[in-house]
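Worksheet: one structure, shown below.
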Amino acid sequence: MECVKLELNILQDLPDILLTCRPDELYGEFGGPILLEFGPQGNSPLFVSTLLHGNETTGFFALQRIFSEYRQHPERFPRPLIVLLGNVKAAAKGLRRFDDQMDYNRIWSGGTSPEHQWAQEVLHYLKNRDIFAGLDIHNNTGRNPMYGCVNFLNEQLIYMASLFSPHIVYFQKPDGVLSKAMAQFATGITVECGLPGLPEGINKVYDYLLTLLHLEVMQEVHPGSQGVNVYHSRNRLMVPDHFSLAREESPDSHQADLVIPREFDQWNFNELKPGALLLKRNNPKAFVIVQNEIGDHVQENYLLMEGAEVRLKQSTIPSMFTRDVAVARQDCLGYLMDRLK
């Protein structure tokens, strides 16, 4: 695993290069993560993070439009903006992360590595600046509606997420995510903006950033309120390292232990009934792990693994189901949710 000291380089201005460069050029220009602050003083800053996963670019392109607007009309900005551009080294290669890197959205709950220490410096800076709100922008590798994520059923968090989408996911795992760390001292959430780089995602995030910049008060919305759909993400779907994995249409699908169907990511945010097919398998000993919020393996409760198929035992709502084998290996196949009552 990569072990390098990460310097917290804080820029107190908006460099011209950020208005025109591509995400894959950031590492060549700056050599590491970038934290910058700009805008009028007097009000609490809005904090925005993106590229914690280097291949999730929608947030960067939306911010680039904000940068250009600020350069042309700084008087339209009522509060400062603090921006974190995270794993720019991985962004240079279009990767979520390098195999020898830590996941930049799993390092925010403390630890002894250089990455953990760097993350704590960022959080310390944000606490000292008394931020108004914090937003971490991500993309999915599978097809999902755009949605917000909260780590606590706090009515201000629900309100902030509802300004982005009526679909809101409450989750406790995985550990070490930035939104959970921010929510300890500010209103902080994650937004998931569909597939990377698509115009509809960029436009939606840009509009949302303008809304947050001009928001005066963080109001409250109850999780059960009309007009919001709150889901509880309870379980994580993972493939053990020693089993091979392939997409159904891949040339190696007939040899792979487990096979991802073509429709896999089309099921996201749709209820699947008991008996629904999840995966196919060529190895009758291959299995999938279902890990709950406390880390227990509970696949026997959720999955029926017989013969050439893996099927559901009970109803569930998938999210973040991905057909990207590399992402499934580095992270997971997706999550199993239910509607919050």
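Residues 726 to 1066 (the numbering used here) make up the sequence shown, in order.
Ideal placement from N, C-alpha and C gives every residue a C-beta, glycine not left out.
Here the structure is a predicted model, which means the values were calculated and not measured.
If you drop the 5 nearest sequence neighbours on each side, which residues of the same chain put their C-beta closer than 6 Å to that of residue i?
i: Met726; result: Because Met726 sits at a pLDDT of 43, beneath the cut-off of 50, its placement in the model cannot be relied upon, and the point is left open.
i: Met907; result: Gly859, Gly913
i: Tyr933; result: Phe889
i: Cys728; result: In this prediction, Cys728 has a pLDDT of 43, which is less than 50 and means its spatial position is unreliable; nothing more can be read from the coordinates.
i: Ala817; result: Asp749, Tyr752
i: Ser887; result: Val946, Val953
i: Met1045; result: Asn865, Gly1059, Tyr1060
Assuming residue i is part of the alpha helix (DSSP H), what are its boundary residues?
i: His967; result: No alpha helix (DSSP H) contains His967, which DSSP labels as neither H nor E.
i: Glu846; result: 839–854
i: Val930; result: 924–939
i: Ala1053; result: 1050–1055
What number of angstroms, rounded off, separates the C-alpha of residue i from the C-alpha of residue j?
i: Ile1019; j: Pro899; result: 10 Å
i: Pro740; j: Glu988; result: 43 Å
i: Val964; j: Thr866; result: 17 Å
i: Glu732; j: Tyr829; result: 14 Å
i: Glu945; j: Arg821; result: 34 Å
i: Leu743; j: Asn812; result: 15 Å
i: Tyr895; j: Met885; result: 13 Å
i: Arg1048; j: Phe823; result: 19 Å
i: Pro976; j: Lys852; result: 51 Å
i: Leu1058; j: Leu962; result: 5 Å
i: Asn780; j: Pro765; result: 31 Å
i: Leu983; j: Gln737; result: 50 Å
i: Glu974; j: Thr936; result: 42 Å
i: Phe968; j: Glu794; result: 49 Å
Closest to residue i by CA distance: which of the options is it?
i: Gln980; options: Gln944, Val1035, Lys1005, Ile927; result: Lys1005
i: Asp855; options: Ser1044, Gly926, Gly767; result: Gly767
i: Ser1040; options: Gln1055, Arg1048, Ala1051, Trp992; result: Trp992
i: Arg868; options: Leu810, Asp990, Cys1057, Tyr752; result: Asp990
i: Leu1065; options: Glu754, Ile893, Tyr850; result: Ile893
i: Lys814; options: Val984, Phe755, Leu761; result: Phe755
i: His947; options: Leu809, Val955, Ser834; result: Val955
i: His939; options: Gly949, Phe857, Leu920, His863; result: Phe857
i: Asn879; options: Ile862, Thr837, Met943, Pro839; result: Met943
Enumerate in chain order the residues of its own chain whose CB-to-CB distance from residue i is below 7 Å, with the five nearest sequence positions on each side excluded.
i: Val720; result: Nothing can be reported for residue 720: it is not among the residues displayed for the chain, which extend from 726 to 1066.
i: Thr745; result: none
i: Leu882; result: Val875, Ala908, Thr912, Ile914
i: Gln1016; result: Asn960, Arg961, Met963, His1022
i: His957; result: Tyr895, Met1062, Asp1063, Leu1065
i: Pro921; result: Asn780, Glu781, Thr782, Thr783, Asn864
Could you give the residue range of the beta strand (DSSP E) that holds residue i?
i: Met1062; result: 1059–1064
i: Val984; result: 983–985
i: Glu1034; result: 1034–1037
i: Leu860; result: 858–863
i: Pro1043; result: 1042–1044
Among the residues of its own chain, which have a CB less than 8 Å from the CB of residue i, if the five just before and after it don't count?
i: Glu762; result: Ile735, Leu736, Gln737, Pro770, Pro805, Leu806, Ile807, Val808, Arg854
(message) Please give the ranges of any beta strand (DSSP E) in the stretch 1001–1029, keeping only runs that are unbroken, at least 3 residues long and fully inside the region.
(response) 1002–1006, 1014–1016
(request) Jot down the residue ranges of each uninterrupted beta strand (DSSP E) in the stretch 750–829, minimum 3 residues, whole runs only, in chain order. (result) 759–763, 771–775, 806–810
(message) Which complete alpha helix (DSSP H) runs does the stretch 866–918 hold, if anything under 4 residues is left out?
(response) 880–887, 903–907
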